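Trainee: Chains as they are written, first to last, in my numbering: chain A, 1 to 47; chain B, 1 to 548.
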Amino acid sequence: MSWLTLWAIVFYASVASFALVSALVAVFGYREVRELFASLAARNRDA
Amino acid sequence: MRFGALDWAITLASLVATVWVGLRARRLVGRIEDYLVASRGMGAYVGTASLVSTEIGIITYMYQAQFGFLAGFSAFVVGLITIAVCFAVGRTGFVITPLREMQVMTVPEYLERRYGRRVRVLAGLMMAFGGSLNLGIFPIIEARFLTITTGIPPRFVAWTMAALLLVALVYTALGGMLSLIVTNYLQYVLLAAGTLIVTAVCLSRIGWSGMSGAVLEHMHGRGLDPFADLGVGPAFILWQVLLWLAFMTVWQSAAMRAFSARDAATGRKVFTLTSVLFLGRAVIPMAWGIAALAFFFGRATPLASPVGEAPGVEMTRLDAELATTFKPLLDEGRLETLLPRVDRLETLAQAERSEPHAQRARALREEMGMVAMPWMVAALVPAGWMGLVMAGMLAASVSTYAGYFLGWSAVISQDVVSPLLGRELSEQGKLRLTRVTIVALTAFIMVWSLVYEVPGPAYFYLQVTANLFMAPTLLTIVLGLYWRRASALGAVACFVLGAAASLAYLVPGAGLSVGAAGNLSWGLALVGLVLGSLLRPSPARTAAPAAV
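(1) Here's a check: name, in chain order, each residue in its chain whose Cβ is nearer than 7 Å to the Cβ of Phe76(B), leaving out the five neighbours to either side.
(2) So with CB distances below 9 Å, who are the chain B contacts of Ala38(A)?
(3) At what residue ranges does the segment 122-162 of chain B contain a whole run of the alpha helix (DSSP H), taking only runs of 4 or more?
(4) Flag Ile56(B) as yes if its beta-carbon sits less than 8 Å from any beta-carbon of chain A, otherwise no.
(5) For the pair the segment 180-199 of chain B and the segment 42-56 of chain B, tell me if three or more CB-CB distances fall below 8 Å.
(6) Distance, Cα to Cα, Leu73(B) vs Asp225(B)?
(7) Please look up how many angstroms separate the CB atoms of Asp415(B) and Val121(B), rounded, as I've assumed it's under 8 Å.
(8) Spell out the partners DSSP gives Ala395(B) in its beta bridges.
(9) Could you check if Trp408(B) is buried or exposed, using at least 16 other CB atoms within 10 Å of its CB as the buried criterion?
(10) Taking a cut of 7 Å between CB atoms, which residues from the segment 270-296 of chain B lie near chain A?
(11) What residue does the alpha helix (DSSP H) around Phe87(B) start on, and which one ends it?
(12) Along chain A, in chain order, which residues have C-beta atoms closer than 9 Å to that of Trp251(B)?
(13) Using alpha carbons as the reference points, say which of Gly490(B), Tyr461(B) and Ser14(B) lies closest to Gly532(B).
(14) Jot down the residue ranges of each uninterrupted alpha helix (DSSP H) in the segment 173-250 of chain B, minimum 4 residues, whole runs only, in chain order.
(15) Would Ser413(B) be called buried (16 or more neighbouring beta carbons within 10 Å of its own) or exposed?
(16) In the DSSP assignment, the alpha helix (DSSP H) including Thr337(B) goes from what residue to what residue?
(17) Compute the Euclidean distance between the alpha carbons of Ala163(B) and Gly131(B), then round it to the nearest angstrom.
(18) What residues are listed by DSSP as bridge partners for Ala261(B)?
(19) So, for Phe278(B): in the same chain, excluding its five sequence neighbours on each side, which residues have a beta-carbon less than 7 Å away from its beta-carbon?
(20) Would you say Ala42(A) faces chain B, with C-beta separation under 8 Å as the test?
(21) With distance defined between alpha-carbon atoms, name the residue in Phe296(B), Thr301(B), Ala525(B) and Thr476(B) nearest to Val377(B).
(22) Nearest to Leu529(B) by alpha carbon, out of Leu503(B), Arg24(B) and Leu479(B)?
(23) With a threshold of 16 other CB atoms inside 10 Å of the CB of Phe439(B), please say whether the residue is buried or exposed.
(24) Provide the residue span of the alpha helix (DSSP H) that contains Thr442(B), from first to last.
(25) Buried or exposed: where does Pro472(B) fall if 16 or more other Cβ atoms within 10 Å of its Cβ makes it buried?
(26) Skipping 5 residues on each side, what residues in its chain have a beta carbon closer than 7 Å to that of Thr147(B)?
(27) State the DSSP-derived secondary structure class of Ala544(B), mapped to helix, strand or coil.
(28) In the DSSP assignment, the alpha helix (DSSP H) including Val496(B) goes from what residue to what residue?
(29) Select from the segment 63-88 of chain B all residues with a C-beta closer than 8 Å to any C-beta belonging to chain A, and list them in chain order.
(30) Using only alpha-carbon positions, find the residue among Asp46(A), Phe28(A) and Arg45(A) that is nearest to Met42(B).
(31) Looking only at its own chain, which residues have a Cβ that is under 8 Å from the Cβ of Leu273(B), when we skip the five neighbours before and after it?
(32) Is the Cβ of Val530(B) closer than 8 Å to any Cβ of chain A?
(33) Of the residues Tyr452(B), His218(B) and Gly312(B), which one's Cα is nearest the Cα of Leu339(B)?
(34) Could you give the DSSP three-state label for Ala383(B): helix, strand or coil?
(35) Against chain A, with Cβ distances strictly below 8 Å, would Val201(B) count as a contact?
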């Protein structure tokens, strides 16, 4: 395998994985923020 | 491409939304734990967003693009080392898991438990000093990106940067880590979108074939093989591995994400997910730098060799010509005019074996590398899309400032001021102290960025100021965790010697290269820790079981 082929694979893999993990973060992160804030609001209410 | 009204509207709306969200989170802050580690309730995905958006700023994209512009595809090797180290830390929990399980809020807090208060304060001072110097040049570099892409006149850029710092200051000082987590989430979505837009534009307008063609045609046989180009060998790999290991484990803003996680397993998952994104953090902007090289060489007219002019004479003439025209042409973004001239000067200098000319040509190429990517982005990204890109870039920038403000101010207030006061502060007192420290840190950065001239390449300065404390901190923690004999005297010697080696680089006339300073810092820090511990082991602590 030539250097150029290796770097092409690294580049496209990094773009694809960046896009995929970013999409996961966008979807699941929103849920986690809501959960964290709900739990803190409940704690502050109880206090 | 002109930065239009629509672009401004999108950019400002994103900033207003960020501040609004950050301020809403403030209402939930009740205790110092909420403020510094978000009540240790952070999930894996939002933790990943928070860590990555803190560690990606405009400055990251600037120096990575510069590296790609100068080293071509060979630069990608750093991305591969990064993902390998981050993934290994995430899978094994090396250092981060024991620290998370001890429920510390700052890295030096562990050092007090293991070595005593004196070491905690010393480490805190080193971290605060190195971290503030490191952060202090961000505004200068980022201002160049903003000037080029938005067209803001240079005289207003300092004010623009001050406004950005204030945006970060407002919600970080009031809401701490809670505000950071929610704003980082929003900022991550924006910066990921901006990153993918610029990448898509590069691929559609220049393409992989254009990028590879530029490297093959214009880098004179360099740009593909990192072993030949960057001097990659065991020493380089060891240095990069140590650097990234230290960064992922003891860099306060990164470590705080592990401390804020729900549990140790979540902390490890954050680092595993982050490893994938950190590959993109390196490789994607490096590819932009290569695309910029292709873009400007594609627009350049080849330089005709004057008939009958001796190479030595041509070299001197070109050098003199560039001495007067380089700066104005660079400020206008006329890199297509400059590139063939600098390229020719470099070729002639090598042929004539003139080291001063070769050094000047390299310095000019480095300067072009720093601004090539923003000029390409300004030229290629269409209006409207440019607003989204700018929203992403500013989100990246503000989140970095906010994360670093909180990280370094936590160290200053918790590990320096509070222990020196000699009494336990109340929860409200700690909160107030941290907020005051954030404000003071912001003021310092504003002043520092206006008065300080960066010596040499910014990338080296950033590495040296970080290395000032990263080598000693990682070594004292790792040996503290895994070596029973490690003592307070060894830790003090480790910090003093490790920092001295890094500071030697910043002293004019010391003549120490950045690589030598970095390796010396690690070496001396290790020697200091081992010798100091062997000379005077702490009996009480030596007898105690290791903390793992």
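C-beta atoms are modelled at their ideal positions from N, C-alpha and C, and glycine is treated no differently. Quick caveat: nothing in here was measured; it's all calculated off a predicted structure.
Mentor: From the atom records:
(1) Same-chain partners within the cutoff: Val283 and Met286.
(2) In chain order: nothing, as chain B lies at least about 10 Å away.
(3) Under the rule that a run must span 4 or more residues, the alpha helix (DSSP H) segments found entirely inside the segment 122-162 of chain B read 138-150.
(4) Not a single C-beta of chain A is nearer than 8 Å to the C-beta of Ile56(B).
(5) With a cut-off of 8 Å, the segment 42-56 of chain B and the segment 180-199 of chain B count as touching, because enough Cβ pairs lie within range.
(6) Note on residue identity: the sequence assigns Phe, not Leu, to residue 73(B). Distance between the alpha carbons of Phe73(B) and Asp225(B) is about 8 Å.
(7) Right, the Cβ-Cβ distance comes to about 7 Å (below 8 Å), so this counts as a contact.
(8) According to DSSP, Ala395(B) bridges with nothing at all.
(9) Counting C-beta atoms within 10 angstroms of its own C-beta, Trp408(B) has 16 or more neighbours from the protein chains shown and is therefore classed as buried.
(10) Listed by position, the residues of the segment 270-296 of chain B near chain A (Cβ gap below 7 Å) are Leu273, Val276, Leu277, Leu279, Gly280, Val283, Ile284 and Ala287.
(11) Element bounds for Phe87(B): Phe76 to Thr92.
(12) By Cβ distance, chain A contributes nothing, its closest Cβ being about 21 Å from Trp251(B), past 9 Å.
(13) Restricting attention to Gly490(B), Tyr461(B) and Ser14(B), the CA atom closest to the CA of Gly532(B) is found in Gly490(B).
(14) Runs of the alpha helix (DSSP H) inside the segment 173-250 of chain B: 207-218, 226-229 and 234-250.
(15) It is buried - the Cβ of Ser413(B) has at least 16 other Cβ atoms within 10 Å.
(16) For Thr337(B), the enclosing alpha helix (DSSP H) starts and ends at Leu335 to Ala351.
(17) Between Ala163(B) and Gly131(B), the C-alpha separation is close to 21 Å.
(18) According to DSSP, Ala261(B) bridges with Met42(B).
(19) So the list reads Thr82, Ile83 and Cys86, once near-sequence residues are dropped.
(20) Not an interface residue.
(21) The shortest CA-to-CA distance from Val377(B) to any of Phe296(B), Thr301(B), Ala525(B) and Thr476(B) is the one to Phe296(B).
(22) When Leu503(B), Arg24(B) and Leu479(B) are compared, the shortest CA-CA separation from Leu529(B) is found for Leu479(B).
(23) Reading off the sequence shown, one finds Val at residue 439(B), where the question assumed Phe. So Val439(B) counts as exposed.
(24) That run of the alpha helix (DSSP H) goes Glu427 to Val451.
(25) Counting the other Cβ atoms within 10 Å of the Cβ of Pro472(B) gives 16 or more, which makes it buried.
(26) Pro154 and Val157.
(27) A caution first: Ala544(B) carries a pLDDT of 39, below 50, which makes its placement in the model too unreliable to give a value.
(28) Element bounds for Val496(B): Ala488 to Leu506.
(29) In summary, the residues of the segment 63-88 of chain B whose CB is separated from some CB of chain A by less than 8 Å are Phe73, Phe76, Gly79 and Leu80, in the order they occur in the chain.
(30) Nearest of Asp46(A), Phe28(A) and Arg45(A) to Met42(B), Cα basis: Phe28(A).
(31) Excluding residues up to 5 positions away in sequence, Ala44, Tyr45, Thr48 and Gly90 lie with their Cβ nearer than 8 Å to the Cβ of Leu273(B) in the same chain.
(32) The beta carbon of Val530(B) sits no closer than 8 Å to any beta carbon of chain A.
(33) For Leu339(B), the nearest C-alpha among the options comes from His218(B).
(34) It is coil, neither helix nor strand.
(35) Residue-level contact by beta carbon fails for Val201(B) and chain A, as no gap is shorter than 8 Å.
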